[in-house]
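The structure appears right after this line, and notes come after that.
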Amino acid sequence: MNDLFTEVCIPRKMTPLNLAMKVLPVVITVLFFLTGLLINPLFLIAGMAMILADMWLLPRQNVEYEYSYVNGELDIAEIYSKKIRKEVAVFDMKEMEILAPVGSDSLAEYKKLPVLDYTSGRSEDLANAWAFVISVGGKRKTVIFSPNKTMLEDLRMRGASKFKRN
1 MNDLFTEVCI
11 PRKMTPLNLA
21 MKVLPVVITV
31 LFFLTGLLIN
41 PLFLIAGMAM
51 ILADMWLLPR
61 QNVEYEYSYV
71 NGELDIAEIY
81 SKKIRKEVAV
91 FDMKEMEILA
101 PVGSDSLAEY
111 KKLPVLDYTS
121 GRSEDLANAW
131 AFVISVGGKR
141 KTVIFSPNKT
151 MLEDLRMRGA
161 SKFKRN
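The numbering of the sequence shown is full-length UniProt numbering, which starts it at 1 and goes up by one.
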């Protein structure tokens, strides 16, 4: 058998919004507990509810994207805090219309399509990012990701007419 399997993990950049979403819930939780102790004990219940919200929210601020590519099928998963794995998309790459580097003139006619961005979010990594257009649930979308050379070579071999370098 001539199966190809490759996997890539891309950590997402920590943005100021992510940092705020890490700090703000903890501050609010502490304020609820202090208010509950000093003013009204009902705020202690709100503080306990905030602890549960913090336990759900905080791990989701540290995200990696994992691309698993097996024989023309691309699975994309989000990994939260290196513990929780959630599959977000599966693409049959035979269905893609075009694959080109981000910013390529070949993608100009697809600019108005909704974009799914599975890159790190770092501007310096956009030089290695690629985009493909595919139909998802009957709607065309542009998907941006950062494949490795093995993935790109296999995609080029499987769909040479859809593969654009400029």
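The beta carbon of each residue, even a glycine, is placed where N, CA and C say it ideally should be.
For Thr119, the number of other beta carbons within 10 angstroms of its own is at least 16, and it is reported as buried.
Between the alpha carbons of Val30 and Lys82 lies a gap of roughly 26 Å. Where Val26 is concerned, there is no enclosing beta strand (DSSP E), although the alpha helix (DSSP H) around it starts and stops at Pro16 to Leu38. Judged by DSSP secondary structure, Leu42 falls outside any beta strand (DSSP E) and instead within the alpha helix (DSSP H) spanning Leu42 to Leu57. In the structure shown, the three-state DSSP call for Lys94 is helix. In this structure, the straight-line span from the alpha carbon of Pro114 to that of Ala131 is close to 12 Å.
In its chain, beyond the 5 residues on either side, Cys9, Pro11 and Ile79 have a beta carbon closer than 6 Å to the beta carbon of Glu64.
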